[in-house]
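Student: The numbering of the sequence shown is this note's numbering, which starts it at 38 and goes up by one. Dropping the structure in here first, questions after.
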Amino acid sequence: CRDFVSPCDGKKGEVLKLVEDGHTADHGYDYDLVVIGGGSGGLAASKEAASLGAKTAVLDFVKPSPAGTSWGLGGTCVNVGCIPKKLMHNAAIIKEGVAQDAAAFGITSTGGEHSWETMRENVQNHIRGLNFKY
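This is the structure we're talking about:
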């Protein structure tokens with residue numbers, strides 16, 4: 038494999054020497070596909086390959102923020118981007134809808150105050166559930 042993917046300088050049959058990177062033939066790993074990145078694309082690729090019988094590995098790393106925050110599989114969108122944003126947006130729409138539309142349906146109570154702590158905990162639990170499924 039290393040001969041096949043080794044760079045050359047354009048002369049037929051001549052292969053440039055690769056810089057030593059620690060590769061050994063007896064490393065003990067045997068994968069058909071190694072995916073770099075545990076975001077939605079990387080996980081979809083690895084799951085599809087595995088469903089077709091390939092031995093797959095997913096490599097994912099999140100550098101912790103200065104506050105020490107890190108997350109599991111799923112990438113930025115699942116963990117701190119699209120999904121949590123959509124869940125919080127839906128909470129706001131539900132609260133607004135209840136407040137504005139309840140009376141038209143004969144509801145006299147709008148459900149009280151919003152609890153940031155409860156919503157935050159439920160959003161985080163939902164995200165952890167997604168991480169666990171991967």
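Built from N, CA and C at the ideal position, the CB exists for glycine as well.
#1: Suppose you measure from the CA of residue 90 to the CA of residue 56; what does that come to, to the nearest Å?
#2: With DSSP as the reference, label residue 151 as helix, strand or coil.
#3: I believe residue 107 touches residue 99 by the beta-carbon criterion, under 8 Å. Please report the beta-carbon distance rounded to the nearest angstrom.
#4: For a minimum of 4 consecutive residues, which ranges assigned as the alpha helix (DSSP H) are wholly contained in the region 74–151?
#5: Buried or exposed: where does residue 120 fall if 16 or more other Cβ atoms within 10 Å of its Cβ makes it buried?
#6: Which value, in whole angstroms, describes the spacing of the CA atoms of residue 60 and residue 150?
Tutor: In brief:
#1: Taking the first residue of the sequence shown as 1, we reach residue 90 at position 53. Taking the first residue of the sequence shown as 1, we reach residue 56 at position 19. Spanning the two alpha carbons is a distance of roughly 33 Å.
#2: Mapped onto the sequence shown, residue 151 falls at position 114. In the structure shown, residue 151 sits in coil (DSSP, three-state: anything other than H, G, I, E or B).
#3: By 1-based counting over the sequence shown, the position of residue 107 is 70. By 1-based counting over the sequence shown, the position of residue 99 is 62. Right, the Cβ-Cβ distance comes to about 5 Å (below 8 Å), so this counts as a contact.
#4: 77–88, 112–117 and 119–138
#5: Residue 120 sits at position 83 when you count from the first residue of the sequence shown. Its Cβ being crowded by 16 or more others within 10 Å, residue 120 is buried.
#6: Residue mapping note: residue 60 aligns to position 23 of the sequence shown, counting from 1. Residue mapping note: residue 150 aligns to position 113 of the sequence shown, counting from 1. Residue 60 and residue 150: Cα-Cα distance of roughly 60 Å.
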